Amino acid sequence: MHFVPYLHEQFLSAWPASVVVLLVALIGAGIMLAWVALVALVAVWAERKVSAHMQARLGPIYVGGFHGWLQTVADGLKLFLKEDIIPAMADKWLYIQAPVLVFGGAFLAYAAIPFGPKLVVSDLNIGVFYILAMSAIVAVGIIMAGWASHNKWSLYGGMRTAAQFLSYEIPSALHLMPVIMYAGTLNLGEIVRSQETGLFGWAGIFGWYLFRNPFLFLSFICYYISSLAETNRTPFDLPETESELVAGYHTEYTGIRFAFFFMAEYANMFVAAALSTLLFCGGWNGVLSRNIQYLPDPVVFLLKCSAFIFLTMWLRWTLPRFRIDQLMALCWKFLIPLGLLNIVGSALWMYIFEQV
Amino acid sequence: MTGVGEEAMDVDLKSLGFRVEERRTLASGSDELLINMGPQHPSTHGVLRLLLRTDGEEIQEAVPFMGYLHRCAEKIGENVPYDTYTPYTDRLDYLSSMNNNWAWAMTVEKLAGIEVPQRAEYIRVIVAELNRIASHLVMVGTYGLDLGAFTPFLLTFREREEILDILEEISGGRLCYGYIRIGGVTDDITPTFATKCRAFLRQYVSKLDAINELLSYNRIFIRRTANVGPLSAEKAIACGCTGPILRASGVDWDLRRDEPYSIYDKFDWNVCVGKGEKGQLGDTWDRYMVRVREMYECVKICEQALEGIPEGPFRAKVPRNFKPPAGECYFRAENPRGELAFYVVSDGSKRPVRVKVRGPSFCNLSVVQELSRNMLVSDFVAVVGSFDLVMGEVDR
Amino acid sequence: MNQEAKAGEPKPPVINNSMRFRTEEAFPVLKSHFGDAVRSLSDTRPDRHILVRPGFLPEICKFLRDDPDWQCNMLHCVTGLDQAETLAVVYHLFSMPKRHFVVLKTEVLRDSPMVPTLAHIWPSADWLERETFDLFGIVFEGHPDLRRILLPDEWIGHPLRKDYEMPTHEKLRELGL
Amino acid sequence: MDEWLSSLVFWTLAAVIVGSALITAFARTLVYAGFALLFTFLGVMGLYLYLAADFLGIAQLVIYVGGILVLLLFGVMFTQGGGLMKQPGRGAIQIPSAVMAVGMAFVVLLHVVLYTPWPVMAVERAAEPTTRTIGTLLLTKYLLPFEVASVLLLMALVGAVVLARREAKEQK
């Protein structure tokens, strides 16, 4: 936010301040949009390569030369050019809106993610909370898609999303609470900064909340599980189970609208990975003290995110999927009680060992 | 705009084949949903259509509809000579063509009293068991796919490719072989066949162990399959279920041991029976696991058969203008999916009067409606997958 | 049978015939129990069958299922047969504990092919009879759900009858098939 | 920030809120009403953010969109497939009573708006976190109402469980 007055005073003093604000906002949004698209493209390609190599095959190999790195671009182009079909019985307005809402929710979450100490579109005071809130919009979008398609399988997908989202929002917020208690702030940048040094002033990896106390470690695992469920990834991909619901809420979508859902899925995956990184794994802090960190901060951050994205893919290509009642049981009987336990446990730990 | 569930009220459920007629008033005051699962649904493995009556996620009843792949296999049988019918049997259960060819060949051999040379018998056993492995691999892979595990699918298909390569080498086909003919086999095995087979079988067991580790004993997989859709032994027998489905319900019955046709009595192997280790007897995990365990046994049989191939002719002398004596004959063989039986009536002419194909999948599928009661959609997918239906055989 | 085979006696020359058909032995037993309802034992080879009157079929089948000597707990196959002047239904009854087959056949007139159903004796008869009805037009009385199973509901005729004529494309289009 | 920009933001938000609220009120299908509510909530969130009440704004979104709206849509889809709403006939009695009710509410609201001493405070720094203040207030000054509210919610939760249990038992 300090950037805008600076820009205004130094270069664009002739223009009214509001125009500069709008201009900066638009350019920022454009850059973010490009970034989201890039993340999706790379992640889709990576997913295909990761899955291929896990399944003893090569995956895309021709388009673009090196390991088919242009494959996703080609697929994206194909999706752009494909016929856009709106089913005759579909609810047209909602049908058109749904992918926009889903992608919009995923995209808005990027605004609060800091890629480095100063590298953030909007340094919100309540960044964690904001990102959680944006996933609610995604959920409503998915329900909308499931409803509007006028397909019973899609409707099932929508209803599963509603149930799953409603349930897993609670543990994912609960398991973030210990971190917020430690950091004393909801600002993502502040949370990362508070991980520079840990107990006894040890820096680097010991500063990460992941290793601060056993409750936080448990919290991290539970948070990771619920983030998988919130982003609809295997083993929790129930809203789009291809073997049960054909393709769930996006069964009827084609072409560019389908591409939006697809991009949103990978965008969400990145957001979940980024939250794990920022809150539990020290964000852009390397494994050693910040004084001897050689890689640029965004690179460290992205490396950690990639590790999490890889883990997500690894799980997807290894595990079968849960059943809806098992999914609910896991959430309500396991993750939520553990979340409450972690909050109390972390508070006690802070009080006893760290004298906060 | 009409609600998605409204049309359920207007149809005559009885005329669609639903057994439970009384419509339950649901707790939420809403209607049941009638949903078509298939004929193009991803997990009905072909063109099976199931009409589901659901209350939310819970299925009240599911009615199967078949016939989308009906190709008049029996009518064709009445119009072509006996040996020409072999390629049509390929297309019954297209995942186990060798076994189908073999069952047809044995039926006609029984009808005409043809004695098959020993070498041919050994070759037949080897290719049929290889084909059985290939067929079970498809089941194991696609079953993982049904439950959301993608990787085992490709691993099993990779192994299956190896088998197809071997079978291609001797028969020229990769799916429909037409290799086992009346009186023997089409061609002798190639010189490299035995070594290739041995090489494959040697590495195959470890691959199977890996698939077990990845899928069969995965905790999520067990929780998805154990205690789901248990089929009692009595019901299985009464409904005419055969093969792995029957064995999974705890019935120790395998034609290869209990009615040893061909040379199966010469081999040392075990019949795999479901024991209900992870849940109830005859649940989907048992049905799945019986097949996995059978593959180990197939390897044993193959290895023994490869050791014992005698020299000699690979085909008995069958006249070109083959006319079996008048009569009728029923013969069944243990196929990967159960007992495939042919009923042939001959009037002494070139063509049979009647060919009846008793496909195992057809009888196995008839239990599905019973099993579907009060089951989650996800569980139903698991149950249908565990039956390993091949619609080519159901619809004929 | 496995033990017998292992005992080492050489197999008879005609191999591939390990299925034990006890139709001949069943005939006198059924004859003594049901008298005229059991008509004759065929001399077809390699398998023989017992010709029974359709009306008594359920009773005979119930006997074969429940009698401790026969215990035919599985109806392995039901099929129709077009015998020019009559239609026939052939039943292959199998006993898993006794390991034997009994083959029954019943003949009905072409014009009014009515056979009592066996669906209440063996559930497997349900679909097998539906298939026979679909392809031969034999009506199984008392069947719980006698609909076509392989062909579309609107199909006309029963294709496995010898006098069935394949409808022309024009005819099919007329029917909307 | 220029005056006109802030008015633009305000009026846009106001238009979104009022417009979508009207759709909610007059939509012919329940599902439309539900989805229009989403935009109302988004607009209200915008207003909160605009008033520098960032925590409140986001909390509004999390609770109303993430919780209540999703649940509402869930319920609508489960019951009668969200089809046509039964529109009550516009009888002679209903119009005067509606006018009376609306008029009374309007008078009350007008009174509140006109006679409440609104404490107006210019926000010095837009980036002032409100979470700490809200948290402190909840645990000091408003502790009793906060606890009473949570006990009420707990009771509602237990009651819902009991009701659902009974229904499940009756079905079996």
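As given, the protein sequences belong to chains A, B, C and D, one line each in that order.
In case it helps, numbering that gives the first Met the number 0 puts the first sequence at residues 0 to 355.
In case it helps, numbering that gives the first Met the number 0 puts the second sequence at residues 0 to 395.
In case it helps, numbering that gives the first Met the number 0 puts the third sequence at residues 0 to 176.
In case it helps, numbering that gives the first Met the number 0 puts the fourth sequence at residues 0 to 171.
Glycine residues also receive a C-beta, built at the ideal position from the N, C-alpha and C atoms.
Quick caveat: nothing in here was measured; it's all calculated off a predicted structure.
The distance from the Cβ of residue 50 of chain A to that of residue 283 of chain A is about 29 Å, inconsistent with a contact at the 8 Å cut-off. For the 8 Å CB-CB criterion, residue 70 of chain C and residue 53 of chain C do not form a contact. Straight-line measurement puts the Cα of residue 157 of chain D at about 49 Å from the Cα of residue 21 of chain A. In the assembly as shown, residue 145 of chain A is a buried residue. Its beta-carbon has 16 or more other beta-carbons within 10 Å. Secondary structure of residue 121 of chain B (DSSP, three-state): helix. Proximity to residue 324 of chain A across B:57, B:38, B:64, B:180 peaks at B:57, based on C-alpha coordinates. Contact between the region 77 to 94 of chain A and the region 255 to 266 of chain A is present: 3 or more CB-CB pairs across the two stretches fall below 8 Å. If one requires a minimum length of 4 residues, the alpha helix (DSSP H) runs lying completely within the region 137 to 184 of chain A are 151 to 182, in chain order. Remark: C-beta atoms of residue 107 of chain C and residue 48 of chain C do not approach each other more closely than 8 Å.
Annotation: residue 106 of chain C is outside any alpha helix (DSSP H); the continuous beta strand (DSSP E) that includes it extends over 99 to 108.
When the Cα atoms are used, residue 244 of chain B and residue 236 of chain B turn out to be separated by approximately 10 Å. In the DSSP assignment, residue 57 of chain C falls within the unbroken alpha helix (DSSP H) covering 56 to 65. With a minimum length of 3 residues, the unbroken runs of beta strand (DSSP E) contained wholly in the region 340 to 370 of chain B fall at 351 to 357. Rounded to the nearest whole angstrom, the C-alpha separation of residue 326 of chain B and residue 110 of chain B is 7 Å.
Buried is the label assigned to residue 46 of chain A, since at least 16 other Cβ atoms lie within 10 Å of its Cβ.
At a beta-carbon threshold of 7 Å, the residues of chain B lying near residue 45 of chain C are 109, 110, 326, 328, ordered along the chain. Considered as a whole, the region 252 to 338 of chain B harbours 326 to 334 as its complete beta strand (DSSP E) runs of no fewer than 3 residues, in chain order. The beta carbons of residue 359 of chain B and residue 334 of chain B sit closer together than 8 Å.
Shown in chain order are the members of the region 68 to 83 of chain C whose Cβ falls below 7 Å from a Cβ of chain B: 72, 73, 74, 75, 76, 78, 80. For the set A:96, A:39, A:148, the Cα lying nearest the Cα of residue 68 of chain A is the one of A:39. Three or more beta-carbon pairs separated by less than 8 Å are not found between the region 214 to 231 of chain B and the region 347 to 357 of chain B, which leaves the two stretches without contact. Using a Cβ-Cβ cut-off of 8 Å, residue 373 of chain B does not count as an interface residue toward chain A, since no Cβ of chain A sits closer than that to its own. Per the Cβ contact rule, the region 246 to 254 of chain B is not in contact with the region 182 to 196 of chain B (fewer than 3 Cβ pairs under 8 Å). One thing to note: residue 85 of chain B has its Cβ no nearer than 8 Å to the Cβ of residue 376 of chain B.
Pairing residue 164 of chain B with residue 180 of chain B, the inter-Cα distance amounts to about 20 Å. Distance check between residue 172 of chain A and each of A:203, A:352, A:337 places A:337 closest, using alpha-carbon atoms only. Taking residue 232 of chain B as the centre and dropping the five residues before and after it, the same chain places the C-beta of 248, 249, 250 closer than 6 Å to its C-beta, in chain order. Residue environment analysis places residue 115 of chain D among the exposed positions, since fewer than 16 neighbouring C-beta atoms fall within 10 angstroms of its C-beta. Interface annotation, residue 242 of chain A: in contact with chain B, CB-CB separation under 8 Å. When Cβ-Cβ separations below 8 Å define contact, residue 258 of chain B makes contact with chain C.
Chain-order list of chain B residues neighbouring residue 59 of chain C: empty, with the shortest C-beta distance near 18 Å, by a criterion of under 9 Å. Contact check for residue 318 of chain A against residue 233 of chain A passes: the beta carbons are separated by less than 8 Å. Residue 116 of chain B and residue 242 of chain B do not touch by the CB rule: their CB atoms are close to 28 Å apart, not below 8 Å. With a cutoff of 8 Å on beta-carbon distance, residue 268 of chain A and residue 240 of chain A are scored as not near each other. Sixteen is the threshold: when 16 or more other Cβ atoms of the shown chains lie within 10 Å of the Cβ of residue 381 of chain B, as they do, the residue is buried. Nearest neighbour of residue 344 of chain B by Cα position, chosen from B:357, B:331, B:324, B:362, turns out to be B:324.
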